[in-house]
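All residue numbers for the sequence shown refer to this note's numbering, where the first residue is 8 and numbers rise by one. Even for Gly, the Cβ is constructed at its ideal location relative to N, Cα and C. Everything numeric in this text was worked out from a predicted model, so none of it was measured.
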Amino acid sequence: MSAVVVFVAGSVALGACGSSTRSASAPHPRSSGVRTITLHAVEHDLSIKASGNVVTIVNDLLSDGHKIGEGQVECLLSGRADTGLCLGAAVLPDGQILNQARLPVPPPIGTSVDAIVGGTGAYATARGTIDLTRTSLTGDTNVTFHVVLDSTRDR
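Quick look at the structure:
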């Protein structure tokens with residue numbers, strides 16, 4: 008049996024988290040059904056664009072102004088059209104959700120999709136996608152996690 012957890016969080020890739028737009032708490036992965044958290048993220052234009060450089064971002068995941076976790080992302084710039092190969096983690100009270108993506112640096116206005124490649128703790132069986140929707144090059148980003156947890160797999 009699979010459980011699906013959908014929530015929205017800031018700071019998955021190349022962003023700094025701002026204030027929340029909706030009140031909620033960190034999702035409990037073992038609950039049945041879907042739980043949504045909405046947060047607001049602010050992205051900053053990055054000028055580090057040489058191949059081999061690393062961009063590292065660490066910031067809080069907030070809901071209604073309260074910290075519910077931490078976002079950590081590291082992008083290695085590949086030198087192919089200012090593209091970064093990025094690895095990230097959403098560190099939540101019950102574990103981490105891990106993701107990876109290939110993104111332009113700085114990311115353009117529009118939508119991109121990251122892959123959820125695993126997790127730890129309560130998220131050990133995590134898989135799915137993360138949608139990032141940018142409304143400006145130096146402004147707001149909405150980040151939505153679509154997490155599927157397999158409750159039948161041993162952890």
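Under the three-state reduction of DSSP, A129 is assigned to helix. Here the alpha carbons of A96 and I104 stand approximately 5 Å from one another. Between G78 and V65, the alpha-carbon positions lie close to 6 Å from each other. With respect to the C-alpha of V112, the residue from D67, L144, F152 and P100 having the closest C-alpha is L144.
Separation of V62 and A131 (C-alpha to C-alpha, rounded to the nearest whole angstrom) is 26 Å. In the structure shown, the three-state DSSP call for S119 is strand. In the DSSP annotation of this structure, T159 is not part of any beta strand (DSSP E), being labelled neither H nor E. Under the three-state reduction of DSSP output, D71 falls in the coil class, being neither helix nor strand.
In the DSSP assignment, N106 falls within the unbroken beta strand (DSSP E) covering G102 to P111.
Residue environment analysis places R141 among the buried positions, since at least 16 neighbouring C-beta atoms fall within 10 angstroms of its C-beta. The criterion of a C-beta distance shorter than 8 Å is satisfied by T127 and G102.
The bridge partners DSSP lists for G76 are L68. Bridge pairing for V62: C82 [DSSP]. Residues N106, A108 and I137 of the same chain have their beta carbon placed closer than 6 Å to that of D121, with the five preceding and five following residues left out of the count.
With 16 or more other Cβ atoms inside 10 Å of its own Cβ, A129 counts as buried.
DSSP places D89 outside both helix and strand once states are collapsed to three, so it counts as coil.
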